[in-house]
Amino acid sequence: MSSFKVIQHLIEELQSSATQEDDFYSDEKTRIELLGAAQGLVAALTRPDEAVASITHGAGRHMCLQVANDLGLFDLISAKSHSAREMASITGADEKLIVRIMRMMAAVGFVEQSGDRVYSATPMTKLMTLLSVKAGVEHTLEGLDILQSTPEYLKKNGYHLPRTMTETPFQFARKTELDNHKYYAEVRPETMKTFQTFMDGLYGGPARAPWWTWYPIEEVLSVDSEVAFVDVAGGNGHQTAGLLRAFPGTKGRLIVQDLPEVIQGIKVLDPRIERLPYDFLIPQPEAVKGARVFFLSNILHDHPDDVCHNILGNIRAAMTPGHSKILISDMIVPEIDPPIRQLDSDITMFFLSGGAERSPFEWTELIRTAGLKVSKFWYPPGDQNGIIEVEIA
């Protein structure tokens with residue numbers, strides 16, 4: 001097919017997918033279709049040299065985002081439009097620097113240039129005022145040295161994927177034998193706090209439907225069980241708290257597990273939710289054996305397969321056959337034409353911790369080799385995490 005016909009086809013696809021609704025966020029299926037077609041159109045119209053330049057120079061966008069974040073520019077513009085001169089006066093930064101940062105932010109949609117060096121808010125400006133989003137940007141930028149060291153790491157190890165938590169690009173770049181979680185807990189505790197803030201909001205996605213709105217968790221938890229729900233490595237308990245708000249009549253014990261320093265740092269949590277210090281690399285305690293649901297949210301994508309087998313094996317030993325389930329909330333990456341957001345996350349997981357975002361085939365193999373079986377893949381309304389429902393084989 002000629003380039004002209006490809007472009008014509010993509011335009012027609014966009015036109016046929018579009019509706020009269022102003023808010024595409026209310027129809028996630030249509031939004032994803034339109035986004036895919038639009039990205040395909042941009043790719044078809046982009047010259048090869050432009051595509052290469054966009055990747056090689058793209059790191060500057062993240063830098064501009066962090067500097068704007070550090071200066072509080074999004075908070076200023078979210079409240080009302082500001083000129084570069086006004087923001088320079090408020091922040092003490094050079095006006096020319098403000099202009100250059102805002103020029104980039106306007107180009108990628110984080111602000112709108114509404115006049116001569118005057119900037120106004122967009123939906124992304126509002127998003128950037130959320131503490132969890134600010135923390136996510138800061139946490140990702142903190143790991144750029146690891147990303148830059150990854151090609152050299154792969155050269156030296158013969159281009160092999162890591163098999164443990166302590167032989168990843170992270171250890172290579174930081175010159176440490178600690179895994180990334182212990183490193184942050186012991187060496188940079190302030191970074192661990194930033195990470196927990198980020199995870200509490202996960203890029204502030206109120207437009208994304210929580211998993212309990214499309215997975216039948218209320219039905220699953222209607223089965224009598226002394227322990228109803230165990231949130232393994234559940235951080236500050238935000239997932240369990242959200243579940244309890246949605247289904248306040250849930251019966252049985254609800255438990256959040258995480259490392260002692262994380263559990264001790266929880267400031268606010270519904271008193272009905274128990275806090276249990278636990279390291280998922282050791283056997284599950286007697287207190288949770290026979291639980292109805294063991295929940296893993298954004299955990300297995302952090303780790304190589306061998307580590308995942310350890311985590312899953314410890315849960316399997318605590319499960320009751322025919323009763324217990326593991327619910328894995330992670331991305332289910334399509335084998336063909338996966339969303340770029342999922343691919344970005346896949347590479348980020350690799351260089352930060354040796355982890356991966358996995359396809360249905362990869363999930364099935366990982367689960368099978370842990371002595372378990374996938375009973376069903378539950379797909380979300382968009383490109384967010386799905387639910388992999390797992391039982392004892």
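What the sequence shown shows, in full-length UniProt numbering, is residues 1 to 393, in sequence order. All residues carry an ideal CB built from backbone N, CA and C; glycine is no exception. If you're wondering where the values come from, they're calculated on a predicted model, not measured in any experiment.
CB contact check: residue i to chain D, cutoff 8 Å
| i | result |
| --- | --- |
| Leu45 | No chain D is part of this structure, which consists of one protein chain only. |
Delimiting residues of the alpha helix (DSSP H) encompassing residue i
| i | result |
| --- | --- |
| Trp378 | No alpha helix (DSSP H) holds Trp378; the beta strand (DSSP E) holding it covers Leu372 to Trp378. |
| Gln66 | Ala59 to Leu71 |
| Pro169 | Pro169 to Arg174 |
| Tyr183 | Asn180 to Glu186 |
| Glu365 | Pro360 to Arg368 |
| Ile326 | Per DSSP, Ile326 belongs to no alpha helix (DSSP H); it is in the beta strand (DSSP E), Lys325 to Asp330. |
| Gly136 | Leu131 to Glu142 |
| residue 395 | In the structure as shown, the chain begins at 1 and stops at 393. Residue 395 is therefore absent and cannot be evaluated. |
| Val293 | From DSSP, Val293 is part of no alpha helix (DSSP H) but of the beta strand (DSSP E) over Val293 to Ser297. |
| Glu261 | Pro260 to Gln264 |
| Glu335 | Counting along the chain, Glu335 falls outside any alpha helix (DSSP H), and DSSP gives it neither H nor E. |
| Glu219 | Ile217 to Val220 |
Classification of residue i by the beta-carbon crowding that lies within 10 angstroms, buried from 16 upward
| i | result |
| --- | --- |
| Asn157 | exposed |
| His62 | exposed |
| Arg163 | exposed |
| Leu300 | buried |
| His82 | buried |
| Arg292 | buried |
| Val230 | buried |
| Ser89 | exposed |
| Arg253 | buried |
| Pro380 | buried |
| Val223 | exposed |
| Gly143 | buried |
| Phe361 | exposed |
| Asp383 | buried |
| Tyr278 | buried |
| Ile347 | exposed |
| Ser54 | exposed |
Helix, strand or coil at residue i [DSSP, three-state]
| i | result |
| --- | --- |
| Asp305 | helix |
| Ala318 | coil |
| Ala228 | strand |
| Arg253 | strand |
| Gly382 | coil |
| Ala209 | coil |
| Arg85 | helix |
| Ile340 | helix |
| Lys193 | helix |
| Ala79 | helix |
| Ala121 | strand |
| Lys5 | helix |
| Gln284 | coil |
| Gly235 | coil |
| Gly115 | strand |
| Arg272 | coil |
| Val390 | strand |
| Pro277 | strand |
| Thr348 | helix |
| Lys267 | coil |
Near the ligand GDP: residue i beta-carbon under 7 Å from a heavy atom
| i | result |
| --- | --- |
| Cys64 | For the structure depicted, the ligand GDP is absent and the ligand set is empty, with no information on it obtainable. |
Chain-order list of residues whose beta-carbon lies under 6 Å from that of residue i (same chain, five-residue window excluded)
| i | result |
| --- | --- |
| residue 441 | Because the chain spans 1 through 393 in this model, residue 441 falls outside it and cannot be assessed. |
| Asp75 | Thr129 |
| residue 422 | Because the chain in this structure spans residues 1 to 393, residue 422 falls outside the shown range and cannot be described. |
| Pro376 | Position check: residue 376 holds Lys in this sequence, whereas Pro was assumed. Contacts found: Glu389. |
| Asn385 | Ser329, Asp330 and Met331 |
| Met199 | Gly235 |
| Ala121 | Ile77 and Ser78 |
| Trp378 | Tyr215, Gly386 and Ile387 |
Cβ-based neighbour list, residue i, same chain, cut-off 7 Å, excluding 5 preceding and 5 following
| i | result |
| --- | --- |
| Ile392 | Arg316, Met319, Pro321 and Leu372 |
| Ala173 | Asp145, Ile146 and Ser149 |
| Leu71 | Thr91 and Ala93 |
| Met349 | His301, Asp302, Gly355, Ala356 and Glu357 |
| residue 394 | For the chain, the structure presents residues 1 to 393; residue 394 sits outside this window and is missing. |
| Thr125 | Phe74, Ile77, Ser78, Phe110 and Val111 |
| residue 395 | For the chain, the structure presents residues 1 to 393; residue 395 sits outside this window and is missing. |
8 Å CB neighbourhood of residue i in its chain, flanking five on each side removed
| i | result |
| --- | --- |
| Pro210 | Gly242 and Ala246 |
| Ile311 | Val232, Phe280, Leu281, Leu296, Ile299, Leu300 and His303 |
| Ile340 | Gln39 |
| Ala370 | Cys308, His309, Leu312, Gly313 and Arg316 |
| Val108 | Arg61 |
| Thr213 | Ala246 |
Residue range of the unbroken beta strand (DSSP E) whose run includes residue i
| i | result |
| --- | --- |
| Tyr159 | Here Tyr159 belongs to no beta strand (DSSP E), and DSSP marks it neither H nor E. |
| Gln39 | Taken as a continuous stretch (DSSP letters only), Gln39 belongs to no beta strand (DSSP E), being part of the alpha helix (DSSP H) at Glu28 to Leu45. |
| Ser54 | Counting along the chain, Ser54 falls outside any beta strand (DSSP E), though it belongs to the alpha helix (DSSP H) covering Pro48 to Thr56. |
Is the segment 359-372 close to the segment 257-274, with three or more CB pairs under 8 Å?
-> No, they do not touch.
Would the segment 169-188 and the segment 336-356 be scored as touching if the rule is three or more Cβ pairs under 8 Å?
-> yes
Touch check for the segment 188-195 and the segment 136-146: three-plus C-beta pairs under 8 Å?
-> yes
Stretch pair the segment 28-43 + the segment 109-122: three plus CB contacts closer than 8 Å = no
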